[in-house]
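Here's the structure we're looking at; comments come further down.
Residue numbers (our numbering): 1 to 147.
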C-alpha cells in the first residue's frame, strides 16, 4: 500500500523501499555528502517517487520531495560489494558513490572516475537503491541502521 496516511492514522507501509547503504568507516561529513548525492539520482530515475510540491500557510512554495522515507544503513566494504552485485543482478535502480569521487570537483569528472574502473574493482563508499521491499531487503541483508 503506497498511500499517504492521514494525521494520527497508523503509519503507512509502502510496497517499495528507498535505501542508502554507506561504508561504516566514513567521516561524518562524508556520510552526509554521499547520502545527498546518492538520493539525488533516484528521484531522476524513478520520477513517481517524488511527491507534490509543498507550501506553507502563507503560500510560500517549496520543492517536492520523496513520497516515502529513506532508510540509511551502514556496513563494511564487503557488504557494499555484495549488495552492489545483488542490486545489479536484480536490475534495481541504483546510484553509486566511489572513493575516487571525494577527489573530483564536478559531474564530468565524477562520471569519468566511475567509468575508468571495472565493476568488480569499484571502491564503493555508498550506494542507493529503490525497489520492491523484499528485493531491497535481500540486497541489503546484513546491513545495520545508521546510528
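Beta carbons: idealized from backbone N, C-alpha and C, even for Gly.
Self-check item: Closest residue to residue 90 among 140, 106, 144 (Cα-Cα distance)
Solution: Among 140, 106, 144, the Cα nearest to that of residue 90 belongs to 140.
Practice problem: Mind listing, in chain order, the continuous beta strand (DSSP E) runs of no fewer than 3 residues lying wholly within the segment 52-79? | Solution: DSSP runs (the beta strand (DSSP E)) wholly in the segment 52-79: 70-75.
Exercise. Could you confirm whether any beta carbon from chain B is found closer than 8 Å to the beta carbon of residue 119?
Key: Any reference to chain B falls outside this structure, which holds one protein chain only.
Quiz item: On the premise that residue 131 lies in contact with residue 17, defined as a C-beta separation below 8 Å, what is that separation, rounded to the nearest angstrom?
Solution: That pair is a contact at about 7 Å.
Practice problem: Assign residue 63 to one of two classes, buried (16 or more other C-beta atoms within 10 Å of its C-beta) or exposed (fewer than that). | Solution: Exposed, since its Cβ has fewer than 16 Cβ neighbours within 10 Å.
Quiz prompt | Segment limits, alpha helix (DSSP H) that includes residue 115 | solution = Element bounds for residue 115: 107-115.
Practice problem: Kindly give me the distance between the Cβ atoms of residue 129 and residue 71, rounded to whole angstroms, as I take these residues to be in contact under 8 Å. | Solution: At roughly 10 Å, the Cβ-Cβ gap does not stay under 8 Å, so residue 129 and residue 71 are not in contact.
Quiz item: Buried or exposed: which applies to residue 96, given that a residue is buried once 16 or more other Cβ atoms fall within 10 Å of its Cβ?
Solution: Around the beta-carbon of residue 96, 16 or more other beta-carbon atoms lie within 10 Å, marking it buried.
Self-check item: Limits of the alpha helix (DSSP H) - the one that residue 101 falls within
Solution: Residue 101 -> no alpha helix (DSSP H), and no H or E assigned at all.
Quiz prompt | Residues of its chain near residue 41, where Cβ-Cβ distance is below 7 Å and the 5 sequence neighbours each way are ignored | solution = If we look at residue 41 and ignore the five residues flanking it on each side, its Cβ neighbours are 95, 128.
Quiz item: Helix, strand or coil: which one does DSSP assign to residue 119?
Solution: Shown here, residue 119 sits in a helix according to DSSP, grouped into three states.
Self-check item: Beta-carbon proximity of residue 122 to residue 113, cut-off 8 Å
Solution: The criterion of a C-beta distance shorter than 8 Å is not satisfied by residue 122 and residue 113.
Quiz prompt | For residue 130: DSSP bridge partner residues | solution = In DSSP, residue 130 forms a bridge with 18.
Quiz item: Under a Cβ-count criterion, where at least 16 other Cβ atoms within 10 Å of its own Cβ denotes burial, should residue 20 be classed as buried or exposed?
Solution: Residue environment: residue 20 is assigned as buried (16 or more neighbouring CB atoms within 10 Å of its CB, all protein chains considered).
Self-check item: Reduced DSSP secondary structure (H/G/I, E/B, other) of residue 38
Solution: Per DSSP, reduced to three states, the secondary structure at residue 38 is helical.
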